[in-house]
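So in numbering that gives the first Met the number 0, the last one in the sequence shown is 321, and the numbering has no gaps at all.
All C-beta atoms, glycine included, are put in the ideal place defined by N, C-alpha and C.
Keep in mind the model is a prediction, meaning the values are calculated, not measured.
Step one of this worksheet: look at the structure below.
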Amino acid sequence: MIARSSRWVAALLATVLAAGCGTPDAGPQPWHDGRIFLATGNTTGVYYQLGGGYADVITRNLPGYEARAEPTGASVENINRLASGDMEIAFSLADTAADAVQGRGAFEGQRQPVRALARVYSNYTHVIVRADAEITKLSQLRGKRVSTGSPKSGTDIIAGRLLTAAGLDPDRDVRRATLSLPETVQRMRAGTLDAMFFSGGLPTPGIADLISSAPGTYALLPIADLMEPLTARHGSVYTTAELPKAVYKTKTSTPTVTVANVILVSADMPDQLAYDLTRLLFAYQADLVSVHPEGGNFARQSAAGTDPIPLHPGAARFYQGG
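Pasting the structure below:
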């Protein structure tokens, strides 16, 4: 990925030229010189699509700012880059974000200074197996070739937790590969993987392409029966839902595990900017829906429910009607 510093050359040059031409002082400069980078996820996932839509909304409707969506390895990488100042906005699964603010899991002993703008749509955990493998439950993945998603992504984390809940050691009992969604789909098609995990909105484009490319070749595995051991170990951050058969044109709906998504910013973002970014999510929600249906699956009342991830004060003011 291109180093962030190189992206600022044009902006810096413009600033220098403006100063040399005697441009009048226009008041306070926008935060981070008006450049907003959004950390999203794999290019064939919902984060990337919605992130691109949100970036367009910001660029068109927030004077002084230009936004751009960046493909990433998703949740853990996004939070690390947000905390380091490399990104201004990040999409994340709520379980990963909760670990970050509490200094647990991938962030053991290192609480991250991130705050939430909103709780948005929920991710559905997709566990896909080859139909001819006759795998009907997660414990039968023992010894199988399994992709658990991009390294340290939200998918990778929940995949490890689910395998553990099924009585498997994720690093010893399966032949684990940590691959991006495009790489995973490619290897599923090639027959070099037996199963895959992905946590995403509905429909996830990469998964829709995989299943539609060879009808009857792949099956979605029901995993809702693992909620009890999952909740006992990780709390109430997870819920269950039916993945409707209409989404991927499967024969039946699939009981699965879900987790909410959150949109995060750094704790030091100016309150007014956080307020405006939150406002734009709702003022231009129809624009997000036009990019992906999940853009419509959040509401003002539920969006403020980000606990244990603190709301940014600017976002809190928006929800309070300030």
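Checklist entry - Since I35 is in the beta strand (DSSP E), which residue starts that stretch and which ends it? => result R34 to A38 is the span of the beta strand (DSSP E), which, as asked, contains I35.
Checklist entry - P221 and T253: beta carbons closer than 7 Å? => result Cβ distance < 7 Å, so P221 and T253 count as in contact.
Checklist entry - Any idea what DSSP makes of N41, helix, strand or coil? => result Note: N41 maps to coil in three-state DSSP.
Checklist entry - For the putative contact between T145 and A176, defined by C-beta atoms under 8 Å, what is the C-beta separation to the nearest angstrom? => result The sequence as given places Val at residue 145; Thr does not occur at that position. Yes, V145 and A176 are in contact; Cβ-Cβ is about 7 Å, under 8 Å.
Checklist entry - From D230 to D224, what distance separates their C-alpha atoms? => result It is worth fixing the name first, because residue 230 is Thr in this sequence and not Asp. For T230 and D224, the distance between alpha carbons rounds to 11 Å.
Next on the checklist: Do R80 and A38 count as a contact pair if the criterion is CB distance below 7 Å?
Outcome noted: Yes; because the gap between Cβ atoms is below 7 Å, this pair is in contact.
Checklist entry - M195 by DSSP, collapsed to three states: which one? => result Look at M195 here: in three-state DSSP terms it is strand.
Next on the checklist: Counting beta carbon pairs with one atom in the stretch 177-186 and one in the stretch 37-51, are three or more of them shorter than 8 Å?
Outcome noted: These segments touch.
Checklist entry - Quick one, are the C-beta atoms of A93 and V113 less than 7 Å apart? => result The beta carbons of A93 and V113 sit no closer together than 7 Å.
Item to check | Helix, strand or coil at N122 [DSSP, three-state] | outcome: In the structure shown, the three-state DSSP call for N122 is strand.
Item to check | Three-way DSSP call (helix, strand, coil) for E182 in this model | outcome: Of the three classes helix, strand and coil, the one that applies to E182 here is helix, per DSSP.
Item to check | Collapsed DSSP secondary structure at L310 in the structure displayed | outcome: Three-state DSSP puts L310 in a strand.
Checklist entry - Around the Cβ of S289, are there at least 16 other Cβ atoms within 10 angstroms (buried) or fewer (exposed)? => result Exposed, since its Cβ has fewer than 16 Cβ neighbours within 10 Å.
Checklist entry - What residue range is occupied by the uninterrupted beta strand (DSSP E) comprising T253? => result Run containing T253: T253 to S265, per the beta strand (DSSP E) assignment.
Next on the checklist: Beta-carbon within less than 7 Å of D275's beta-carbon, same chain only, minus the 5 sequence neighbours each way: which residues are those?
Outcome noted: Short of 7 Å from the beta carbon of D275, and not among the five residues preceding or following it, lie these beta carbons of its own chain, in chain order: L61.
Item to check | Distance CB(G200)-CB(Y318) smaller than 7 Å | outcome: Result no, Cβ atoms of G200 and Y318 do not sit closer than 7 Å.
Checklist entry - Can you tell me the Cα-Cα spacing of A115 and L279, whole angstroms? => result If you take the alpha carbons of A115 and L279, they lie about 15 Å apart.
Checklist entry - From F331 to I78, what distance separates their C-alpha atoms? => result Residue 331 lies beyond the stretch modelled for the chain, which goes from 0 to 321, so this question has no answer here.
Checklist entry - Among the residues of its own chain, which have a CB less than 6 Å from the CB of P312, if the five just before and after it don't count? => result Only D270 meet the Cβ criterion.
Checklist entry - Where G304 and D131 are concerned, what is the direct C-alpha to C-alpha distance, given to the nearest angstrom? => result The alpha-carbon atoms of G304 and D131 are separated by roughly 42 Å.
Checklist entry - Given a threshold of 16 other Cβ atoms within 10 Å of its Cβ, counted over all protein chains shown, does C20 qualify as buried or as exposed? => result With a pLDDT of 43 at C20, under the threshold of 50, the modelled position of that residue is not reliable, and no figure is offered here.
Checklist entry - How should P307 be labelled, buried or exposed, when 16 other C-beta atoms within 10 angstroms of its C-beta is the threshold for buried? => result Flag for P307 reads exposed.
Item to check | Beta bridge counterpart(s) of L242 as assigned by DSSP | outcome: The bridge partners DSSP lists for L242 are T253.
Next on the checklist: Taking DSSP's pairing of strands, which residues face S146 in a bridge?
Outcome noted: A176 and M195.
Checklist entry - Out of curiosity, what's the CA-to-CA distance linking A25 and Y64? => result With a pLDDT of only 49 at A25, under 50, the local geometry of the prediction cannot be trusted, and the value read off the model is given with reservation. Rounded to whole angstroms, A25 to Y64 spans 15 Å at the Cα level.
Item to check | Proximity winner among G72, R67 and G159, relative to R232 (alpha-carbon distances) | outcome: Closest in C-alpha terms to R232, from the list G72, R67 and G159, comes G159.
Checklist entry - Using the rule of at least 16 other Cβ atoms within 10 Å of the residue's Cβ for burial, across every protein chain shown, is R118 buried or exposed? => result The residue is buried, with at least 16 neighbouring Cβ atoms inside 10 Å.
Item to check | P23 versus E76: straight-line alpha-carbon distance, rounded | outcome: Below a pLDDT of 50, predicted positions are generally treated as unreliable, and P23, at 43, falls in that range; the measurement from the model is reported next regardless. Using only the alpha carbons, I get a separation of about 40 Å.
Next on the checklist: Less than 6 Å between C-beta atoms, sequence neighbours within five positions excluded: which residues of the same chain meet that for P309?
Outcome noted: Answer for P309: R114, listed in chain order.
Item to check | Assigned secondary structure, P23 (DSSP; H/G/I helix, E/B strand, else coil) | outcome: At P23, the pLDDT of 43 sits below 50, so the modelled position is not reliable; the number obtained from the coordinates is stated separately. Coil, per DSSP.
Checklist entry - Is it true that the CB of L242 sits closer than 7 Å to the CB of T251? => result Not a contact, by the Cβ cut-off of 7 Å.
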